[in-house]
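Participant:
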DNA sequence: GTCAATCCCGACCTTTTTAATCGGGATAGA
DNA sequence: TCTATCCCGATTAAAAAGGTCGGGATTGAC
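Chains as they are written, first to last, in my numbering: chain A, 759 to 891; chain B, 759 to 891.
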């Protein structure tokens, strides 16, 4: 339950791209000036591209652009892209001594928690992050 | 944004203690039968005790008990105890090139996210986890 | 009073994950 | 053709998580 550099960097990069708009593609070196190691950022942007959140223009004068409008990208999209899908609890998998195996209360309660968190994160869009709304 | 073994173990232990009720203190060795390494669990229970979630009876016939009623302990209490308080975003701390420093949109949006998540987690009590409500 | 069961605690080690670096290849505008 | 750029896998370094160990303190049972 913690915010990693990966997510923080990805958020910064996406917010920056959102602020830049559709004008021109922003080169990696420019985005990295937001305070991130350029080589590491490159990996993250690759991941974001593979998940369809940014698109690229290759070659000279190339760079990165948002793949969709900022209002159409949520924090859940970004976090899921770089951190993977939000994990589910495994609940009493080992010895079974504590009984109840599959449909135990912990599982049900945890299910409620994860979907609740997903909702919260999914309600914040990239444009919200730009405007602070 | 992931569930660690620490949290999973702590949840199991707390749920087990909740199921045992106020009858007798449960020794570490018994709790560990839920499928956790005993020495590691000991550390976790020490942390939970320091945060006032369990109390102990020392000496022979001793063990661990919930410090409060199961309805009065939430998932937020447990997670905060073992993982520390839910972190806040730092937002653009390095070069300042991306402008806006303090009260930027990302900070505001992230603030909303963390408090939202806290609410979700805080609404699930230990007794909810036992009953699955 | 002794003994055994128990909590207590800090130090250490191992494994996994995260973060960062590097080198070379592909692409395309000027 | 040259250079700025994306692309990508391999490697390393740093940090965190997960787990182990040994010895000390407490206390009920006998």
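Heads up, the beta-carbon is just placed ideally off N, CA and C, and yes, glycines get one too.
Short check: CB of residue 765 (chain A) to CB of residue 844 (chain A), under 8 Å?
Facilitator: Start at 1 with the first residue of the first chain, and residue 765 (chain A) comes out as number 7. Start at 1 with the first residue of the first chain, and residue 844 (chain A) comes out as number 86. Not a contact, by the Cβ cut-off of 8 Å.
Participant: Where does residue 824 (chain A) sit, in a helix, a strand or coil, going by DSSP?
Facilitator: Taking the first chain and counting its residues from 1, one reaches residue 824 (chain A) at position 66. Looking at residue 824 (chain A) - three-state DSSP - the assignment turns out to be strand.
Participant: Which of the three DSSP states, helix, strand or coil, is assigned to residue 882 (chain A)?
Facilitator: The residue given as residue 882 (chain A) occupies position 124 in the first chain. Residue 882 (chain A): coil per DSSP, three-state reduction.
Participant: Is residue 805 (chain A) helix, strand or coil by DSSP?
Facilitator: By one-based count along the first chain, residue 805 (chain A) stands at place 47. Three-state DSSP puts residue 805 (chain A) in a helix.
Participant: Is it true that the segment 766-781 of chain B meets the segment 790-805 of chain B, where meeting means three or more beta-carbon pairs spaced less than 8 Å apart?
Facilitator: Yes, the segment 766-781 of chain B touches the segment 790-805 of chain B.
Participant: DSSP puts residue 812 (chain B) in a beta bridge; with which residues?
Facilitator: Translated into positions along the second chain, residue 812 (chain B) becomes position 54. Looking at the DSSP assignment, residue 812 (chain B) forms a beta bridge with B:824.
Participant: Report all residues from its chain with a CB closer than 8 Å to the CB of residue 796 (chain B); omit the five preceding and five following residues, and keep chain order.
Facilitator: As a working mapping, residue 796 (chain B) is identified with position 38 in the second chain. Answer for residue 796 (chain B): 786, 787, 790, listed in chain order.
Participant: Among A:762, A:826, A:819, A:794, which one has its Cα closest to the Cα of residue 807 (chain A)?
Facilitator: Counted from its first residue, the first chain places residue 807 (chain A) at position 49. Checking every option, the nearest Cα to that of residue 807 (chain A) belongs to A:826.
Participant: Given that residue 870 (chain B) touches chain A, what residues does it touch there, using C-beta distances under 7 Å?
Facilitator: As a position in the second chain, residue 870 (chain B) is number 112, starting the count at 1. In chain order: 882.
Participant: Below 8 Å on the Cβ atoms is my contact criterion, and I expect residue 875 (chain A) with residue 875 (chain B) to pass it. Report the Cβ-Cβ distance as a whole number of Å.
Facilitator: Locating residue 875 (chain A) in the first chain gives position 117, counting from the first residue. Locating residue 875 (chain B) in the second chain gives position 117, counting from the first residue. Correct: roughly 5 Å between the Cβ atoms.
Participant: The alpha helix (DSSP H) spanning residue 782 (chain A) covers which residue range?
Facilitator: The residue given as residue 782 (chain A) occupies position 24 in the first chain. Per DSSP, residue 782 (chain A) belongs to no alpha helix (DSSP H) and is neither H nor E.
Participant: Determine the burial state of residue 828 (chain A): buried for a count of at least 16 other Cβ atoms within 10 Å of its Cβ, exposed for fewer.
Facilitator: Here residue 828 (chain A) refers to the residue found at position 70 when the first chain is read from its first residue. Residue 828 (chain A) is buried by the Cβ-count criterion.
Participant: The alpha helix (DSSP H) with residue 834 (chain A) in it runs from where to where?
Facilitator: Residue 834 (chain A) sits at position 76 when you count from the first residue of the first chain. It spans 833-841 - the alpha helix (DSSP H) in which residue 834 (chain A) sits, taken as one unbroken run.
Participant: If you reduce the DSSP assignment to three classes, tell me which class residue 775 (chain A) lands in.
Facilitator: Indexing the first chain from 1 puts residue 775 (chain A) at position 17. Note: residue 775 (chain A) maps to helix in three-state DSSP.
Participant: What separation, rounded to the nearest whole angstrom, lies between the Cα atoms of residue 762 (chain B) and residue 879 (chain B)?
Facilitator: If you number the second chain from 1, residue 762 (chain B) lands on position 4. If you number the second chain from 1, residue 879 (chain B) lands on position 121. Taking the straight line from one Cα to the other gives about 15 Å.
Participant: Please name the residue, chosen from B:792, B:784, B:810, B:839, that lies closest to residue 816 (chain B) on a Cα-to-Cα basis.
Facilitator: Here residue 816 (chain B) refers to the residue found at position 58 when the second chain is read from its first residue. Looking at the Cα atoms, B:784 is the closest of the given residues.
Participant: Does the beta-carbon distance from residue 842 (chain B) to residue 890 (chain A) come in below 8 Å?
Facilitator: Taking the first residue of the second chain as 1, we reach residue 842 (chain B) at position 84. Taking the first residue of the first chain as 1, we reach residue 890 (chain A) at position 132. No.
Participant: Which one of A:760, A:798, A:778 has the shortest CA to CA distance from residue 767 (chain A)?
Facilitator: Within the first chain, the letter at position 9 stands for residue 767 (chain A). When only C-alpha atoms are compared, the closest one is A:798.
Participant: If I measure Cβ to Cβ from residue 888 (chain B) and keep anything under 7 Å in the same chain, skipping five residues before and after, which residues do I get?
Facilitator: Against the second chain, residue 888 (chain B) aligns to sequence position 130. Same-chain partners within the cutoff: 773, 776, 777, 828.
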